[in-house]
Structure formats: C-alpha cells, structure tokens
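Colleague:
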Amino acid sequence: MKVASHLEKIRSLEGLRARLEPLQDFELWFWAGMTAGTHAVNAALHHAAVTRDDDVFPMQPGVYLVAQPDRSLRPSFHPLGDVLHVGRPKVEAAVPEDVAAMMHQMEIIEGHRDPCVRDGVAPTVAIVDECDAALGECLRLLNKRMEEGAT
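Count the sequence shown with the numbering used here and you get residues 2 to 152, in order.
1. If you draw a straight line from the C-alpha of Q25 to the C-alpha of V57, how long is it?
2. Suppose contacts are defined by Cβ-Cβ distances below 8 Å. Is R146 in contact with H86 by that definition?
3. Can you tell which of T125, A44, S77 and P80 has the C-alpha that lies nearest to the C-alpha of A101?
4. What residue does the alpha helix (DSSP H) around M104 start on, and which one ends it?
5. Could you tell me if Q61 is buried or exposed, where buried requires 16 or more neighbouring beta carbons within 10 angstroms of its beta carbon?
6. Could you tell me the distance, in whole angstroms, from the CA atom of V96 to the CA atom of V51?
7. For D54 versus V92, is the C-beta spacing smaller than 8 Å?
8. Kindly indicate the opening and closing residues of the alpha helix (DSSP H) around M35.
9. What residue range is occupied by the uninterrupted beta strand (DSSP E) comprising M147?
10. Helix, strand or coil, according to DSSP, for P116 in the structure here?
11. Of all the options P59, M103, E138 and V118, which has the alpha carbon lying nearest to the alpha carbon of F27?
12. Kindly examine the ligand SAH and report whether one of its heavy atoms sits closer than 7 Å to the Cβ of L14.
13. Identify which residue in D115, G121 and I109 has its Cα closest to the Cα of C139.
14. Kindly indicate which residue of G112, P80 and G137 has the alpha-carbon position closest to the one of D120.
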C-alpha cells in the first residue's frame with residue numbers, strides 16, 4: 002500500500018478504537034490497535050525506503066494481490082512491500098532506529114494476541130494500558146518521522 006493509504010487506515014482505526022470500551026470490547030479494540038500499529042510500521046518502512054510503496058496488498062509473505070487492468074486483483078509474487086505482522090516476513094534490510102523502536106512496540110502488543118485473543122486469558126487493565134501505551138509510542142514515532150521527514 003501507499004504511505005497515504007496506511008495513514009488513512011490508521012485514522013479510521015483510531016476512530017474505531019475511540020468508540021470502544023477496551024475491556025468490554027477487548028478483541029475488537031485489540032485487533033484495531035494491532036492493525037493500526039502494523040499500518041504505522043509499514044508506512045515508516047516505506048517512508049524510509051526499506052520496503053516498496055506499491056499499490057499491492059499482502060496475502061502471505063511474498064504473495065500480494067496486484068490490481069489488473071479489469072480492476073480485479075490477482076495473487077502474485079512480489080518484492081517486499083507491506084509486512085503482515087512485525088517479523089512476518091522478516092525485513093532483511095537495515096531498519097532505521099526509530100522504525101526498529103516502532104517494531105519493538107508492536108512486539109509488545111502482539112505478545113498479548115495469543116494469550117488474550119486465542120487462548121482465553123482475560124484481559125486486564127494492565128494489559129490494556131500496556132497495549133495502549135505501546136501503540137501510542139508507535140504512532141508518536143511515526144508522526145515524528147512524518148513531520149521531520151526522517152529517512
């Protein structure tokens with residue numbers, strides 16, 4: 002995806018999160034935050050020219066949906082553009098320090114995915130606070146990068 006598309010998705014997801022009650026709506030709140038953070042990491046990777054800023058959409062590592070002349074989408078192998086999650090696929094190129102810090106924040110969030118969403122661990126205020134703080138820092142770093150034009 003293009004950087005501008007990632008930024009628009011982040012705005013939409015943040016709007017959704019603001020309407021949810023984190024403990025009561027945890028799974029939806031969590032996925033919206035994790036997805037927003039992944040969009041932030043992708044926007045920063047593109048901005049830093051680490052990954053490609055293309056109008057293609059990831060399906061699996063290395064496989065992207067590519068728009069066709071008839072407006073359909075076709076799966077195709079493609080060089081690294083968007084990551085699906087931090088580490089999936091692994092970014093082999095050098096990553097700027099601020100983007101690496103964003104990726105670390107996403108690992109904090111993703112550390113709660115399986116226990117709370119898949120394994121039935123009840124979310125707590127501490128988990129919500131940790132996820133919210135990690136996403137906040139990830140988005141702060143993205144905003145700083147975009148404002149300062151860092152590469």
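A virtual CB, placed ideally from N, CA and C, is assigned to each residue, including glycine.
Modeller: In terms of the structure at hand:
1. 35 Å
2. The Cβ atoms of R146 and H86 lie no closer than 8 Å to each other.
3. A44
4. E98 to E111
5. Answer is exposed; the Cβ neighbour count stays below 16.
6. 7 Å
7. no
8. F27 to H48
9. Run containing M147: none in the beta strand (DSSP E); it sits in the alpha helix (DSSP H), V126 to E149.
10. helix
11. Of the candidates P59, M103, E138 and V118, the one whose C-alpha sits nearest the C-alpha of F27 is V118.
12. This structure does not include the ligand SAH; it has no bound ligands of any sort.
13. I109
14. G112
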